[in-house]
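Novice:
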Amino acid sequence: MFVIKAGGGTGWQATGFENNDAIKGFSLSGSSGLLGKAMQSRAPAQGATNDFDAGFIRTMGAPLDGQCMLLPLMVRDKVAAVLYADAGTVPENEIGAAPLTVLCRFAGLWLEVTAMRKSSAGAAIEETAGAPSPASEPAAVAASAAAHAAAGPAAAGPAEPEGPDDELHRKARRFAKLLVDEIRLYNQAKVTEGRQNRDLYGRLREDIEKSRATYDKRYGESPVASFNYFNQELVRILADNDRTLMGDSFPG
1 MFVIKAGGGT GWQATGFENN DAIKGFSLSG SSGLLGKAMQ SRAPAQGATN
51 DFDAGFIRTM GAPLDGQCML LPLMVRDKVA AVLYADAGTV PENEIGAAPL
101 TVLCRFAGLW LEVTAMRKSS AGAAIEETAG APSPASEPAA VAASAAAHAA
151 AGPAAAGPAE PEGPDDELHR KARRFAKLLV DEIRLYNQAK VTEGRQNRDL
201 YGRLREDIEK SRATYDKRYG ESPVASFNYF NQELVRILAD NDRTLMGDSF
251 PG
């Protein structure tokens, strides 16, 4: 794994090589070769090891088939790291492109969501330290309730509009999708059971509301708040576009 800084890659961690620690001495340019291709295209780049880095291959060892793959790990639309993979020296081995792509996608998702939740937790600590007066608490609760009421029920929600906020809409929908993908990834059994019993929200309430708070932290007061993309993605991804599978308690 190479961490991307200042347009280049810095060796961070390796596994499966004779000397995994040797990667920490490498610094690679991201302006050319397979690394540059993966960074610029933001997509997996596969090719001959000769197109990667000769020094790295000499030190870490060449794969039997002479092929390698570089997969970008995206965080907030930026390449945060690049994963190097090859098939090693066993003749039957192949590069598992599909599972590695999924791994990088969800690693980026996890980092993005974790960063958002840490930010939310920090804000909550600061608010607590401010020690608001008891009289202010009912007002805060009322404001929160009003915000949820304003969102209103909308299982599928309106279509993503065209206009000056196009990019904001795309980012909000993408972030909502990432959050719901994470819920599905870590609760596959509950998702299956919830679909069968038409009570997805009841089974996943805690995870859903935690992710909703993360989404609202970023987009709850933005121009796209009324489109409720988080609820749209809950219905689309968890319930396969069938609102009834969420259950009667679903607040969407």
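Under my numbering, the first residue of the sequence shown carries the number 1, and numbering increases by one thereafter. By construction, the Cβ of each residue, glycine as well, lies at the ideal position given by its N, Cα and C atoms.
(1) Residue 215: buried (16+ other C-beta within 10 angstroms of its C-beta) or exposed?
(2) So, at 7 Å on beta carbons, what are the nonlocal neighbours of residue 203 in its own chain, with the 5 sequence-adjacent residues on each side left out?
(3) Rounded C-beta distance between residue 181 and residue 83? I'm assuming under 8 Å.
(4) Mapping the DSSP letters down to three states, classify residue 2 as helix, strand or coil.
(5) Could you pull the DSSP bridge partners for residue 67 from this structure?
(6) Would residue 7 be called buried (16 or more neighbouring beta carbons within 10 Å of its own) or exposed?
(7) Just to confirm before moving on: does the CB-CB distance between residue 100 and residue 71 stay below 8 Å?
(8) If you draw a straight line from the C-alpha of residue 5 to the C-alpha of residue 73, how long is it?
(9) If distances are taken between C-alpha atoms only, which option among 173, 197, 171, 207 comes closest to residue 185?
(10) Near residue 95, what residues of its chain come up, given a Cβ to Cβ distance below 8 Å and the 5 sequence neighbours on each side ignored?
(11) Could you check whether residue 2 and residue 81 sit closer than 8 Å to each other, using their CB atoms as the reference points?
(12) Nearest to residue 31 by CA position, among 53, 116, 21, 13, is which residue?
(13) Could you work out which residue in 55, 234, 59 is closest to residue 21 when comparing CA atoms only?
(14) Apart from the five residues just before and just after residue 61, which ones in its own chain have a Cβ nearer than 7 Å to its Cβ?
(15) For residue 98, does the three-state DSSP call read helix, strand or coil?
(16) Please name the residue, chosen from 170, 172, 205, 251, that lies closest to residue 187 on a Cα-to-Cα basis.
(17) Between the Cα of residue 89 and those of 25, 57, 104, 241, spot the shortest distance and give me the residue it belongs to.
(18) If you draw a straight line from the C-alpha of residue 177 to the C-alpha of residue 196, how long is it?
(19) Indicate whether residue 112 and residue 170 have their beta-carbon atoms separated by less than 8 Å.
(20) Just to confirm, is the Cβ distance from residue 224 to residue 166 under 8 Å?
Specialist: The relevant details are as follows:
(1) buried
(2) 190, 193, 194
(3) With a Cβ gap of about 19 Å, residue 181 and residue 83 do not count as contacting.
(4) strand
(5) The secondary-structure analysis by DSSP pairs residue 67 across a beta bridge with 48.
(6) exposed
(7) yes
(8) 13 Å
(9) 207
(10) 46, 67, 68, 69, 85, 86, 87
(11) A contact, by the Cβ cut-off of 8 Å.
(12) 53
(13) 59
(14) 17, 18
(15) Reduced to three states, the DSSP call for residue 98 is helix.
(16) For the residues 170, 172, 205, 251, the minimum Cα distance to residue 187 belongs to 205.
(17) Out of 25, 57, 104, 241, 57 has the C-alpha closest to the C-alpha of residue 89.
(18) 22 Å
(19) no
(20) no
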